[in-house]
Amino acid sequence: MNEIQFCLLLAVALFSIGIYGLLTRRNAIGILLSIELMANAVNINLVAFSRVHGGAAGQVFALFAIALTVAEVAIGLGLVILMARTRKSINVDEARDLHG
Amino acid sequence: MNLHSLALAIPLLPLAAAAIVGLVRPIGRRGGLAATISIAAAAASLGCALLLLSHTAERFVLKLPWLPVGGRTLAEVGLRFDGISAPMLVVVGTVALMVQIYSVGYLSDEASGPRGRYFTWQSLFLFAMQGFVLSPNLLQLFSFYELIGLCSYLLIGYYWEKPSAGRAAVKAFWITKLGDVGFLIGLLVCWTQYKSFDLAAIEHAMTAGPAQANTWLLPALLFCGVASKSAQFPLHVWLPDAMEGPTPVSALLHAATMVAAGVYLLVSTSFLFAASPVMGEVVMYVGAFTAVFAALQGCVQNDIKRVLAYSTCSQLGLMVAAIGAGSVAAGYFHLVTHAFFKSLLFLAAGSAIHAVHTNDLREMGGLGRGMRWTGVFFGVGMLALAGIPPLSGFFSKELILASLEEHPVALVLGLATTIMTPYYMGRAFLLAFSGKPRSAAAEHPHESGWLMRGPMLLLCSLALIMGVFLWSFADTIHEPVHLEVTSIGLLGIALALAGLGLAWVFHGPRKTVIDALPKSLLEAARSSGVDALYVFGWRHVVFVFAATVSFFDRYIVDGLMNLIGWAGDRAGDALRRVQTGRAQDYVLALFLGLLALVAWGVWGG
Amino acid sequence: MSALEILGLSLLALFVLAGALGTVLSKNLVHSVLWLALALVATAGIYVRLTAGFLAGAQVLLYAGGVITLAIFAVMLSARIEGGPIPNESAKRGRGALVALAVAGLFGGVLLQADVLAPRDLPVVDAADIGRSFLGEYVLPFEVLSVLLVAAMIGAIVIARREDP
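So the sequence lines, in the order shown, correspond to chains A, B and C.
Count along the first sequence starting at 1, add 251, and that's the number in my numbering.
Count along the second sequence starting at 1, add 19, and that's the number in my numbering.
For the third sequence, counting from 1, position 115 maps to 103 in my numbering; every step adds exactly one.
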């Protein structure tokens, strides 16, 4: 097992833990944090592959992904604040107005 | 003006009149103006027909292609002028003109609006009838046949505010349609057998082409149409009820022309019946039976118009029987003479009804004193119908009896009709015009004006002298006639006189007997068994069938639809629970899908 | 790869996984955020090991600095609005674990069987190279990204702002 394979396996583990959080957390902020973990796993992959491939592309895309994640977090946390203000709760189980 | 435009003018002038009176409201609202236009058109049309009558040596067919299909024409519209159509044109034109003039007097009490409507339908009817007579092919014949049926419906329902008139109109419409279904199927059969609707082409195909397998089929189907229009048993039930219409309408449509259309159809297609001996016999026996059956019914009616209606039925039966027996000339000539004397009888009856305001013979009596003209007209009509020489009816009746000579059963039926006809006509005449008045209205009847007497006078003279035209008529239609003094002919005269004598014995001026027959027998004869048959058929066959279909539609077809709807509804209700509204459940589905895709990519691809 | 290097990488990986597990398992939301910070910083260490020094710096600055701070703010704000500490429990754990393990098993299994290329002796990509890429080859996405960030900022303000100022 080489360094790259190790990093990819680490990313898989990180991603799976993110999925677990995403599916089990009741709190909207907790869900956002889990999504951060998953995004991080993706970035690790990008960097690891750029190590094999060479060139700046991998790192540039990782930077793009980080920027996008930050933007997403900003919007997501804004939504959490809005949810807290309108519903007096950030428990996602209570936000199910679109149920069938 | 050449002959072609003359022939074209015959149907188109009344059509133009109908369009003007029917579509231009100011004219339609003014009854007098409408009548003038309509009568002028009818007169001009008759003039054209009379001019053409002197050129019967020239036969011509005008055709326009219609319904072009793949390089050939499915049908044509056109005119056929020959010896067959020429006499009918004149008969229809004459009676129609006389009836229209008479109508002006008869309907003078009516409001203007209904009169405009009346003359619209009259002109439309004349167009339809003349178009029918001039039709060169079966498709066009059928179209005009239907138009005639429509006009009949509209005119019977002229007094539409009377429920009985509305019912009678609908009944007439449906019963005639019942037979026309046969005609329609006949058109299809005709096309499959001969690949043409043209009468001349069919006749040519029958003589020149290969022999057809089912020669009886087409005439049988056509006879359905004939039987319904010409009121042959068992499709005759609409004709007595059609008397709800105004009397001039009864005279024109339900005595002289419309009901004769069926007979004319038989004449036009007689070559088809000649080719199938079986159908010829069927036609003959149906006609002969109708003649006797309707004559029997005529003997027991108390409504003067119903007596005449059953008489019409009976006489049409004789015509049909004669044509079925193969003597086209006899049937056709009886059609012509009957048209004149029966319309005369109806108009005279209408004159009496106009005076006493009732149709009921029991409330008439003694009208002869106040209405000498009407009495004479009715009497002449009666004698002509009875077949007393030398009136017109004598000649045609003798021809018919002669044509039935070789068919004993039909001959006996015909002779029975010959004695019953004078009896019921004599009864009606004596009850209405002789004896003492039996109601207040009948005490001082007023003779009708000249507007009504004039047409009657002309028809009366035609009824008197029409017989002498027999030989020129035979020349025109190119059919031989043999009028000889035979034992049957003499028997016919004797029976006619005997019938009149019976009427005199039972219903003479000294007697006050209305019904000569025992009461129970009368009840049995009047209770129309055929009507009951139709009602039974309607209630127990059609209705049960309709109920079955309705059940099937409501519970099986609709049930299936409802089941599908219910299943969709339940499925939707079950599936909506999948939509929990929780974002995480959607994410779960997302990852399950991702897993499936990746697994497929790893192991499946 | 020397033993020391292996040890270092394993240690970093241990920190990353510990941070991640802490993030998704902690009962306290603030602790969760802090565990996330650990995981992110340890990830920066991984980046350093993968010769991506600039990216490691950006990771620390943007994530550990930006995102964590934002998250802490959000926790505190929503706690104030809700009035009291925010519960941070988990539910339906079996379901989540099952899916997570399935993903891990599938992807990990595939990775273990795969013949992954070893890192080659390539020239190190430094900040100057990344800067040239941004302003050269990727200038259009770069500028679009700045528009996106502005839009996100405005959007966040609009969403979170009080209805009645």
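Glycine included, C-beta positions come from ideal geometry on N, C-alpha and C.
The structure presented is a predicted model; accordingly, all values stated were derived computationally and were not measured.
By the criterion of a C-beta distance shorter than 6 Å, S249(B) is surrounded in its chain by V278, G281, V282, L335, once the five residues flanking it on both sides are discounted. Excluding residues up to 5 positions away in sequence, S295, V297, M298 lie with their Cβ nearer than 6 Å to the Cβ of W235(B) in the same chain.
Judged by beta-carbon spacing, A316(A) lies beyond the 8 Å limit of N296(A), meaning their Cβ atoms are not closer than that value. At a cut-off of 8 Å, the C-beta of A102(C) has no neighbouring C-beta in chain B. A straight line joining the alpha-carbon of I147(C) with that of T337(A) spans about 12 Å. The alpha-carbon separation between I167(B) and I438(B) amounts to approximately 33 Å. By the C-beta criterion, the stretch 348 to 356 of chain B is judged not to be in contact with the stretch 370 to 381 of chain B, since fewer than 3 inter-stretch pairs fall below 8 Å.
CA-CA distance, R457(B) to H526(B), rounds to 14 Å. When the beta-carbon positions are compared, V80(B) and G97(B) come within less than 8 Å of each other. The Cβ atoms of A115(B) and L145(B) lie closer than 8 Å to each other. Looking from the CA of A264(A), the closest CA among A62(C), V87(C), G33(C) belongs to V87(C). Nearest C-alpha to L272(B) among L337(B), A368(B), A358(B): A358(B). In this structure, the CA atom of E424(B) is about 25 Å from the CA atom of P253(B). Interface flag for I317(A) against chain C is set, since a Cβ pair is found closer than 8 Å. Only F610, L611, L613, L614, V617, A618, V621 from the stretch 610 to 622 of chain B bring a Cβ to less than 9 Å from some Cβ of chain C.
Contact between T309(B) and Q251(B) holds: CB atoms are separated by about 5 Å, below the 8 Å threshold. Note that the C-beta distance between L614(B) and L274(A) is not below 8 Å. Under the three-pair Cβ rule at 8 Å, the stretch 23 to 33 of chain B does not count as touching the stretch 131 to 138 of chain B. As DSSP reads the structure, V96(B) sits in a beta bridge with L83(B).
Beta-carbon to beta-carbon, L363(B) and G400(B) are separated by about 4 Å, close enough to satisfy the 8 Å threshold.
Among the residues of chain A, none has a CB under 8 Å from the CB of P73(C); the nearest is roughly 11 Å distant.
Boundaries of the alpha helix (DSSP H) harbouring K196(B): 182 to 213, taken from the DSSP string.
The beta carbon of V343(A) sits no closer than 8 Å to any beta carbon of chain C. Of the other Cβ atoms in all chains shown, fewer than 16 fall within 10 Å of the Cβ of W619(B); this residue is therefore exposed. The Cβ atoms of G272(A) and T11(C) sit closer than 8 Å to each other. V88(B) carries a strand assignment under DSSP once its states are collapsed to helix, strand and coil.
Judged by their CB atoms, F163(B) and S154(B) are nearer to each other than the 8 Å cut-off. Distance from the CA of L133(C) to the CA of F122(C), rounded to the nearest whole angstrom, comes to 11 Å. Counting every other CB atom within 10 Å of its CB across the protein chains shown gives T226(B) a total below 16, marking it as exposed. Non-local beta-carbon contacts of P408(B) in its own chain, meaning distances under 7 Å to residues more than five positions away in sequence, involve I512 in chain order. Remark: C-beta atoms of T505(B) and A368(B) do not approach each other more closely than 8 Å. The C-beta of A62(C) comes no closer than 8 Å to any C-beta of chain B. At least one CB atom of chain A sits nearer than 8 Å to the CB of K80(C). Sequence-ordered contacts of the stretch 99 to 132 of chain C with chain B are nonexistent [C-beta pairs closer than 7 Å]. Neighbours of I280(A) in chain B, taken as residues whose beta carbon is under 7 Å from its own, are absent, since the nearest beta carbon is some 14 Å off.
By DSSP's assignment, D494(B) forms no beta bridge with any residue.
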